[in-house]
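Q: Chains as they are written, first to last, in our numbering: chain X, 1 to 292; chain Z, 1 to 411.
We put the CB at the ideal spot given by N, CA and C, even for glycine.
1. Does the beta-carbon of residue 299 of chain Z have 16 or more other beta-carbons within 10 angstroms, so that it is buried, or is it exposed?
2. Is the beta carbon of residue 147 of chain X sitting closer than 9 angstroms to the one on residue 176 of chain X?
3. What is the DSSP secondary structure of residue 245 of chain Z, reduced to helix, strand or coil?
4. Against chain X, does residue 112 of chain Z count as a neighbour if the rule is that its beta carbon must be under 9 angstroms from one of theirs?
5. Below 7 angstroms on C-beta distance, what does residue 40 of chain X contact in chain Z?
6. Could you give the first and the last residue of the continuous alpha helix (DSSP H) run that contains residue 381 of chain Z?
7. Please confirm whether residue 226 of chain Z has its beta-carbon closer than 9 angstroms to some beta-carbon of chain X.
8. At what residues does the alpha helix (DSSP H) containing residue 79 of chain X begin and finish?
9. For residue 181 of chain X and residue 191 of chain X, which I take to be in contact (beta-carbon distance under 8 angstroms), what is that distance rounded to the nearest angstrom?
10. Would the segment 108-119 of chain Z count as touching the segment 61-74 of chain X if we require 3 or more Cβ pairs under 8 angstroms?
11. Distance, Cα to Cα, residue 12 of chain Z vs residue 291 of chain Z?
12. Restricting to Cα atoms, I'd like to know which of Z/352, Z/78, Z/150, Z/253 is closest to residue 279 of chain Z.
13. Any contact of the segment 266-275 of chain X with the segment 246-256 of chain X, i.e. 3+ C-beta pairs under 8 angstroms?
14. From what residue to what residue does the beta strand (DSSP E) around residue 73 of chain Z run?
15. Any contact of the segment 42-51 of chain Z with the segment 15-24 of chain Z, i.e. 3+ C-beta pairs under 8 angstroms?
16. If we cut at 9 angstroms on Cβ distances, does residue 74 of chain X have a partner in chain Z?
17. So, do the segment 175-184 of chain Z and the segment 223-235 of chain Z have three or more beta carbon pairs nearer to each other than 8 angstroms?
18. Hey, which unbroken runs of the alpha helix (DSSP H) at 4 residues or more fall wholly within the segment 270-349 of chain Z?
19. Can you say whether residue 383 of chain Z is buried or exposed, counting buried as having 16 or more other CB atoms within 10 angstroms of its CB?
20. Between residue 82 of chain Z and residue 359 of chain Z, what straight-line distance do the alpha-carbon atoms span, to the nearest angstrom?
21. List in chain order: all unbroken alpha helix (DSSP H) runs of 4+ residues lying wholly within the segment 200-274 of chain Z.
22. Between the Cα of residue 260 of chain X and those of Z/42, Z/363, Z/375, spot the shortest distance and give me the residue it belongs to.
23. To be precise: take each residue of the segment 48-62 of chain Z, compare its Cβ to all Cβ atoms of chain X, and keep it if any distance is under 8 angstroms. Which residues remain?
24. Go through its chain and collect everything with a Cβ distance to residue 371 of chain Z's Cβ below 8 angstroms, but skip five positions before and after it.
25. May I ask which residues mark the beginning and end of the beta strand (DSSP E) holding residue 175 of chain Z?
26. Pairs of beta-carbons, one from the segment 193-203 of chain Z and one from the segment 163-171 of chain Z, closer than 8 angstroms: are there three or more?
27. Which residues, in order along the segment 343-373 of chain Z, keep a beta-carbon less than 9 angstroms from a beta-carbon of chain X?
28. Can you tell me which of the three DSSP states residue 132 of chain X falls into?
29. Helix, strand or coil: how does DSSP classify residue 106 of chain Z here?
30. Identify whether residue 17 of chain Z lies in helix, strand or coil by the three-state DSSP scheme.
31. Does the CB of residue 277 of chain Z have a neighbour CB from chain X at under 9 angstroms?
32. Using a 10 Å radius around the Cβ and a threshold of 16 neighbouring Cβ atoms, would you call residue 116 of chain X buried or exposed?
33. Suppose you measure from the CA of residue 236 of chain Z to the CA of residue 249 of chain Z; what does that come to, to the nearest Å?
34. Residues of the segment 158-178 of chain X with a CB closer than 8 angstroms to any CB of chain Z: list them in chain order, please.
35. Using 10 angstroms around the beta-carbon of residue 55 of chain X, count the other beta-carbons present and answer buried if the total reaches 16, otherwise exposed.
36. Under 8 angstroms by Cβ, that's how I've got residue 192 of chain Z and residue 356 of chain Z pegged, so tell me the actual separation to the nearest angstrom.
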């Protein structure tokens with residue numbers, strides 16, 4: 001029997017499933033983004049208008065889209081490095097030969113990842129309450145006047161970044177931990193014999209050996225953080241003054257709150273293009289660094 | 001999950017009515033239903049509760065997927081939207097034939113909110129209008145022996161009672177709720193939208209007057225510019241004297257009775273809203289009962305609506321939840337007639353105004369509040385804010401104008 005035909009035979013079920021559940025919905029969403037599908041169209045399809053790239057054009061002229069994009073980029077640019085540093089730090093602490101009760105700490109640090117975001121958001125909203133929160137109480141002890149964490153447009157986003165980093169670092173920590181454990185111990189031993197300080201060991205052994213893990217983690221984190229939605233949804237509902245509206249939050253409001261599915265699909269495709277471009281740039285940069 | 005269940009239960013049991021409720025009403029209705037089932041042997045009512053935050057989405061999803069219930073409770077500002085989707089059964093002929101439901105017994109403008117394009121789509125179930133909760137003792141201490149009757153008096157009281165430096169504010173106006181500014185705008189002579197609801201009318205003299213009053217309250221530091229997320233627990237703070245006024249709805253009568261100590265129960269009261277010149281209007285909110293067009297049990301669903309519209313049943317609903325009845329005769333019951341705190345609502349209900357009956361309204365009013373909050377924070381002037389709200393409203397209404405030009409939707 002023809003081997004190529006056999007290969008296709010085995011591939012067909014998977015390809016059919018991919019086409020049915022991935023390709024067709026994506027194409028349908030793209031088609032939707034070229035129309036002004038809304039409540040009226042839901043009632044009667046004759047009320048549907050083909051608007052070509054009109055939804056995209058209008059979005060690019062909407063200040064809210066740009067501010068949502070700005071908030072999302074702010075979240076990515078501050079949140080991703082912060083999250084990486086915290087998770088790498090935690091992973092190194094857990095990996096240290098001096099660490100005691102490793103399973104306990106591993107579980108404790110991973111716990112926020114598996115807890116539902118709504119439940120922890122309730123606790124965080126209490127911690128960051130302006131009048132009664134622990135955060136302001138502690139600041140008060142060292143003489144700093146209270147900060148309106150979630151109510152001040154300047155502070156709401158930093159608070160959400162803190163929340164998201166705390167919520168998500170455990171996931172990357174586990175990946176980093178696996179990466180750290182894969183570094184052969186004799187490399188460190190040789191460096192120590194040569195008299196390398198812990199910092200030099202970190203710079204010249206840990207970081208280079210972790211580079212592939214680092215790239216994967218950063219791409220996963222960047223694409224995850226671009227899809228910021230649940231945190232502002234449960235913490236601030238996009239407020240105050242829409243200062244925490246992210247691109248995905250805008251899409252949710254357009255699509256599911258106001259039922260403007262055409263414009264919501266356009267938001268989704270714009271976000272996809274942006275994420276695609278950013279990931280491509282990251283991959284290329286890392287490849288160049290690898291060749292250099 | 002609920003949608004799937006609703007769908008299957010309807011087909012496999014011909015004598016089961018599926019009734020969707022939104023928010024707290026579900027639990028109370030479950031206590032009223034046994035009497036209805038006793039009167040109608042063999043008929044079973046399945047009450048399903050939707051959380052308020054998800055209800056709108058669930059209703060639209062159900063319509064898109066043709067899995068609507070037989071009847072539902074529906075916020076009367078949502079009726080235009082579902083009527084535009086052609087999801088609701090017209091009810092005028094049933095009302096005409098009914099012995100229980102008498103349209104003239106209902107508060108006129110509440111009834112009006114159920115009429116879209118000349119058709120009646122719902123029967124009001126309970127009403128919800130905003131008015132003032134106030135601290136009588138604080139007002140007395142400041143030398144006022146009665147709540148305000150007009151804006152000038154109100155402003156004077158707010159000024160006298162606000163001392164932000166010691167954490168005392170005249171009033172709580174959460175900046176993410178649109179109802180407070182909306183009721184001030186409804187008190188004006190100008191409509192909120194113009195030309196058969198084709199364009200926003202927010203640059204009108206009246207709306208700018210309302211917006212100025214609203215924004216001044218923040219600029220003169222008589223209300224904190226916070227959202228209800230940060231306001232957290234307004235009831236205890238009201239009790240502690242952080243706010244002297246609270247512009248809110250009837251459910252708070254129950255909340256204040258429950259949350260404030262017995263010794264403070266004489267300190268607070270309710271008052272109709274002051275208007276620009278004397279007692280003013282407020283919004284005609286609340287929930288209605290509707291039947292879905294696809295229901296195979298419309299007659300039975302109507303029987304349930306008639307049952308829930310009886311004055312005695314509405315009085316029981318009030319006892320259970322504090323939901324205020326939309327019929328004048330229901331207000332004759334013991335509990336409501338003798339309740340001094342409900343009296344202001346009874347008075348206000350004769351002076352309520354409906355909002356424009358179009359599906360886009362909720363979105364417009366949300367944008368109105370977003371812009372108004374920016375003005376309250378001092379980012380926009382009154383004229384800039386009014387022009388911006390108009391611009392956003394006109395953009396939202398673009399599709400409606402197109403449909404009207406093509407005769408697809410009645411003005």
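A: A quick look at the data gives this:
1. By the neighbour-count rule (16 or more Cβ atoms within 10 Å), residue 299 of chain Z is not buried but exposed.
2. no
3. strand
4. no
5. In chain order: 84, 399, 403.
6. Segment: none, residue 381 of chain Z is in no alpha helix (DSSP H) and carries neither H nor E.
7. yes
8. Residues 63-95.
9. In fact, because the Cβ distance is near 18 angstroms, the residues do not count as touching under 8 angstroms.
10. no
11. Legend: pLDDT at residue 12 of chain Z = 44, less than 50; position of this residue unreliable, no value from coordinates given.
12. Here the closest residue by C-alpha is Z/150.
13. yes
14. For residue 73 of chain Z, the enclosing beta strand (DSSP E) starts and ends at 71-75.
15. yes
16. no
17. yes
18. 298-309, 311-321, 334-337, 340-349
19. Residue 383 of chain Z comes out exposed.
20. 8 angstroms
21. 205-219, 228-231, 234-240, 251-259
22. Z/363
23. Flagged, chain order: 56, 57, 60.
24. 380, 385, 388, 389, 392
25. Premise fails: residue 175 of chain Z is in no beta strand (DSSP E) and is neither H nor E.
26. no
27. 359, 360, 362, 363, 366, 370, 373
28. coil
29. The three-state reading of DSSP puts residue 106 of chain Z in strand, counting E and B together.
30. strand
31. no
32. exposed
33. 17 angstroms
34. If the cut-off is 8 angstroms between Cβ atoms, the segment 158-178 of chain X has nothing near chain Z.
35. buried
36. 6 angstroms
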